[in-house]
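A quick write-up on the structure given underneath.
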């Protein structure tokens, strides 16, 4: 499984997402999986990779939380969770897409 976490400098949520992702990988028995941290630096790069906000998780190149209506660009991303909107997916949401 190829796991990548895309983010931009200044995003306040990517490190929270990274910690939750590592916890979800551990809980799913995939703690040997390496996470490729990908910095998206420019609007042009965001457009080229279809970056829909930070943080973005890719599993085997696919965004499991994709919103096709979300704009492409350097922006903070919002996730719908059981407790409302948040800047990163919950551990439970991550477990669901990893298993």
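Numbering (my numbering), first residue to last: 26 to 124.
Using N, Cα and C, we set each Cβ at its ideal position, and we do this for glycine too.
Query, Result
"Exposed unless 16 or more other CB atoms sit within 10 angstroms - verdict on residue 88", "buried"
"Own chain, CB closer than 8 Å to residue 52, minus 5 neighbours either side, in chain order", "116, 120"
"Chain D contact for residue 90 (CB, 8 Å cutoff)", "Included in the structure is just one protein chain, with no chain D present."
"Coarse secondary structure for residue 50, derived from DSSP in three states", "helix"
"Continuous beta strand (DSSP E) stretch holding residue 29: start and end", "28 to 32"
"Anticipated Cβ contact below 8 Å, residue 60 with residue 83, distance rounded", "The Cβ separation is near 10 Å, so there is no contact."
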